[in-house]
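Here the structure is laid out as structure tokens; the discussion comes afterwards.
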Amino acid sequence: MNRPLPRIALGLIVPALILVWWTVQSNAGGARALAFVPLGTIAATFADLATGGLLLGDALTTLSRAVTGLLLGGIAGIALGVAMATLRPVDRLVGPIYHAVRQVPLLGWLPLIGLWLGNGESAKLLIIGLAAFYPTVLGTYEGIAHVERRYLDVGRVYGFGAVQRFRHLLLPAALPLILTGITQAIAFAWIATIGVEILLGAGGGLGATMGIAQAQQRMDIILVAIAVTALLGFAINHLFARLRGHLLRWQGNPA
Amino acid sequence: MSARVIAFGTALLPPLLLVGAWQIASSTGLFPPQILVSPADVAGTIAELVRNGELGSHLGDSLFRLFWGFGIGALAGLAFGTALALSRLFEALFQPLFQAARQVPILAFIPMLVLLLGIEEGFKITVVAVAAFFPVALATFDGVRGIPKGWLEVARVYRTPFPSLLVRILIPATVPPVLTGLRLGLTRAWLVLVAAELLAADNGIGQMMEMGRQLFRIDVVLAGVIVSGLIGFALDRGVKLFERRYTRWRVA
Amino acid sequence: MTAQPRIQPQSAATDAPASGALTLSALSKRFAIEGRALPVLDGIDLSVRPGEFVSIVGASGCGKSTLLRLIVGLDTDYSGEIRLDGKRITGTSLDRGIVFQDHRLFPWMTLEENIGLALLNSEIPKEQRARIVCEHIALVNLTGFEKAYPHQLSGGMAQRAAIARALVTEPTLLLLDEPLGALDALTRVHVQTELQRIWMRQRSTVLMVTHDVEEALYLGDRVIVMAPNPGRIRRIVDVDLPHPRDRSSPVLHRLRDEILAELTGAPDPENLVRFPAQEPR
């Protein structure tokens, strides 16, 4: 356990076994070979897509789509969360609708939105935005609604006005939960981005490429796209976790 | 008691207002019926779909897939998460792969699984199982790992035998996070199932909506939205009730 | 219950400040619990002279903390009157500062930001604020920790920072709600000494609630002993000693024994020694 090297080696055993099994399957020929593309082909496809700029283009399309949706949904989510937590009538009016609408599985909206907006960019952004919207509303609402009364008392002692109270007290106190909401929003928006790209097809992006590759039975392309998707998702999460750590540096080591 | 009734009433009012506004908007005739139908029409469609058994049949298919997919995925997740948390060797063998696979957005597995398994029942159950597996495995791992050391030390001080340790400490301590993981897994499973049915199926709620879209039957699409929302609500609420019942000690 | 006739306390102040006179008259407070009114404070009469340090001791539930919440203006639902320099108190104001038992520094702000926020609504010009904050950090001996976040401070340091925050607005009345209650015994003694030094420099009127009779006597010109259910003044003890005080003063010890006997209803402490030792089992 104290020697890291063997541990890493252990971690490689299972992936290696899977690769061996995969190779055996692809050598078995027949119908299987369609699904179990030889590893060499996958590598070649990757090199092809990467050097041809296709992969980069797809990745950028997907990324910018995800970020746009995330910004739209996230900003709207924070705004609604703040409004619900600070204005009782808004909470009363919108809260039940929010909780009702949220129960519909996200992509279940797709046929309806497809009828309304077609399968263009706006339909995609609406779904991605919605994915980001739900957790952000919840995080913001919970964060602000649960600001401790003892801190609110301090604000009263020093005569904070509404704006001061919001800026110096409510917002920073709610920040940990808002950021938790955004973390979930990022994960959910990323899933939604890939999902709408696969389901709506047109407009490019990693998901659309996967969908087309599926129709053409190109497992190699699918696997390359999956790997890139996973890496990008990991990178986004990692970057945001660092940003979050920086913004919450005042927390020390929260238990 | 009456306070609860009032609270329920005020919670019900805004959605009713929304439905009222929707009814008025659709009766103005400003929107063509492919864009907006009245809530009354949607209710009529739901009633019709119930009467001719179509809804029941789609729903039955979807819930069958959800039951098996979630069941298999959740059990596998529980077992995997526990093994990962308890065995150093198992962790060394599987943790890197698990962490890598976890990064794949769950819907990205769909095209791959279609090529591997076709679009029959096996594919749908597998994709639902995969969707359920990751949140449950992760929550189980965190739950077992997260048992406070102090509790185990208390057990050591009192020389608690292993069976009581398991029943009195390990299981109760892991139940809350695991239930949260199960709830998340169930939500994810339902989301992915509807997506998979939209993409490739000849029955199920998702397929019903997709057919509705292709035939410009917005009433059928909305019926599907409402039914899938109700199912989502029931699933979430069911696990939450279960959570409340079995974790009462947490928040006294 | 009415306050006992008051003898003018011999404050150590040589130049007593002109403002900071607090008067409570017939002050009562009740909480509504499940539809029933529960009295927590009943007919409190008290007047505190400008610059005086008054300690309040009493058993839990005697409404000591509620009293401070009323005076600071966080709770305005009471009967009777609270006046500071003749003006009726209707809400919070920067002329009254408070230190709570938990320091209540905002965890998301550095030490200097925390102290500066007390000046957000002060009339002090913006360009002087930084200097004033700096001076108050120095006053509580925390120079060098300006950029530290509360989680990086020890309990005693955080409590001193809270004292600086309460003082930075230069309140005429400073309320201390068990300010040292959460500190360990040794740190407590340190901060008590600090508090005495700071008060001797600032000369604002102080009202301090505490559990600790020794602390109350060590710092207070007068000690108000309260009785519970409902909270009322039971006795007022004058501590006729100049500041800074010597902890080992026999006067303080005698007063402590008296007050403790009163609070616990126990017989003369000397008798306690004669309790039979427990039989070994």
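Chains as they are written, first to last, in my numbering: chain G, 1 to 255; chain S, 256 to 507; chain A, 508 to 788. Beta carbons are placed, not taken as given, at the ideal position from N, Cα and C, and that holds for glycine. Just so you know, these numbers come straight off a predicted model, no measurement behind them.
query                                                                                                                                                                                            : result
My understanding is that A/Gly565 touches A/Pro735, with C-beta atoms under 8 Å, so please give their C-beta distance in whole angstroms.                                                        : 7 Å
Of the residues that make up the region 644 to 668 of chain A, which ones have a beta carbon closer than 9 Å to any beta carbon in chain G?                                                      : Tyr656, Pro657, His658, Gln659
Under a CB-based cut-off of 7 Å, is S/Gln462 close to chain C?                                                                                                                                   : Absence of chain C from the displayed structure is noted, the protein chains being G, S and A.
I'd like to check one pair, A/Thr573 with A/Lys536: are the Cβ atoms closer than 7 Å?                                                                                                            : yes
If I measure Cβ to Cβ from G/Leu256 and keep anything under 8 Å in the same chain, skipping five residues before and after, which residues do I get?                                             : Given that chain G is displayed from residue 1 to residue 255, the structure contains no residue 256 of chain G and the question cannot be resolved.
Pairs of beta-carbons, one from the region 187 to 198 of chain G and one from the region 86 to 99 of chain G, closer than 8 Å: are there three or more?                                          : no
Go ahead and label S/Ala379 buried or exposed: buried means 16 or more other beta carbons lie within 10 angstroms of its beta carbon, across all protein chains shown.                           : Before going on, a small fix: residue 379 of chain S reads as Lys here, not Ala. Buried, since its Cβ has 16 or more Cβ neighbours within 10 Å.
Among A/Cys641, A/Arg695, A/Thr599, which has the Cα closest to the Cα of A/Arg672?                                                                                                              : A/Cys641
So which of G/Leu117, G/Ile13, G/Ala59 has the shortest CA-CA distance to G/Ala235?                                                                                                              : G/Ala59
So is S/Leu348 buried or exposed if we call it buried at 16+ other beta carbons inside 10 Å?                                                                                                     : buried
Find the nearest neighbour of G/Trp22 within the set G/Pro111, G/Ala50, G/Ala35, G/Leu71, judged by alpha-carbon distance.                                                                       : G/Ala35
Please report the straight-line C-alpha distance between S/Ala455 and G/Gln214, rounded to a whole angstrom.                                                                                     : 12 Å
Quick check: the Cα distance between S/Arg357 and S/Val447, rounded to an integer number of angstroms?                                                                                           : 15 Å
Hey, would you say A/Val698 sits closer than 7 Å to A/Leu687, going by beta carbons?                                                                                                             : yes
Hey, A/Ala655 and A/Thr617 are a contact pair by Cβ (cut 8 Å); roughly how many whole angstroms apart?                                                                                           : 6 Å
Rounded to whole angstroms, what is the Cα-Cα separation between A/Leu601 and A/Thr679?                                                                                                          : 9 Å
Ordered along the chain, which non-local residues of its own chain (more than five positions away) have a Cβ less than 8 Å from that of A/Ala665?                                                : His610, Leu612, Pro657
State the Cα-Cα distance for the pair A/Glu769 and A/Leu553, rounded to the nearest angstrom.                                                                                                    : 20 Å
From the DSSP output, in three-state form, read off A/Ala734 for me.                                                                                                                             : strand
Distance, Cα to Cα, S/Pro288 vs S/Asp296?                                                                                                                                                        : 10 Å
Can you pull the chain G neighbours of S/Asp491, defined as C-beta to C-beta under 8 Å?                                                                                                          : Gln103
For S/Gly308, which of S/Arg492, S/Asp491, S/Leu437, S/Asn458 has the nearest alpha-carbon?                                                                                                      : S/Asn458
Can you give me the C-alpha to C-alpha distance between S/Val506 and S/Leu490, rounded to a whole angstrom?                                                                                      : With a pLDDT of 48 at S/Val506, under the threshold of 50, the modelled position of that residue is not reliable, and the figure given next carries that caveat. When rounded, the distance between both Cα atoms is 23 Å.
Give a yes or no on whether 7 Å exceeds the smallest Cβ distance from A/Asn628 to chain G.                                                                                                       : yes
Report buried or exposed for A/Pro787, applying the criterion of at least 16 other Cβ atoms within 10 angstroms of its Cβ.                                                                       : Low confidence applies here, because A/Pro787 scores a pLDDT of 47, under 50, leaving its location unreliable; read the following figure in that light. Label assigned to A/Pro787: exposed.
Taking the alpha helix (DSSP H) that G/Gly30 falls in, what are its first and last residues?                                                                                                     : It is not in any alpha helix (DSSP H) - G/Gly30 carries neither H nor E in the DSSP assignment.
If we count the other Cβ atoms within 10 Å of its Cβ and call it buried at 16 or more, is G/Tyr98 buried or exposed?                                                                             : buried
Answer with yes or no whether the minimum CB distance from G/Arg165 to chain A is below 7 Å.                                                                                                     : no
Would you list the one or two residues that DSSP bridges to A/Pro546?                                                                                                                            : A/Arg537
Ordered along the chain, which non-local residues of its own chain (more than five positions away) have a Cβ less than 7 Å from that of G/Ala83?                                                 : Val90
Buried or exposed: where does A/Gly550 fall if 16 or more other Cβ atoms within 10 Å of its Cβ makes it buried?                                                                                  : buried
If we count the other Cβ atoms within 10 Å of its Cβ and call it buried at 16 or more, is G/Thr62 buried or exposed?                                                                             : buried
Would you call the CB atoms of G/Ala79 and G/Ala132 closer than 7 Å?                                                                                                                             : no
Assess, as a yes-or-no matter, whether the region 333 to 342 of chain S is touched by the region 469 to 488 of chain S under the definition of 3 or more beta carbon pairs within less than 8 Å. : no
Assign A/Glu620 to one of three DSSP states: helix, strand, or coil.                                                                                                                             : helix
Output needed in chain order: residues of the region 242 to 253 of chain G with a Cβ under 9 Å from some Cβ in chain A.                                                                          : Leu248, Arg249, Trp250, Gln251, Gly252, Asn253
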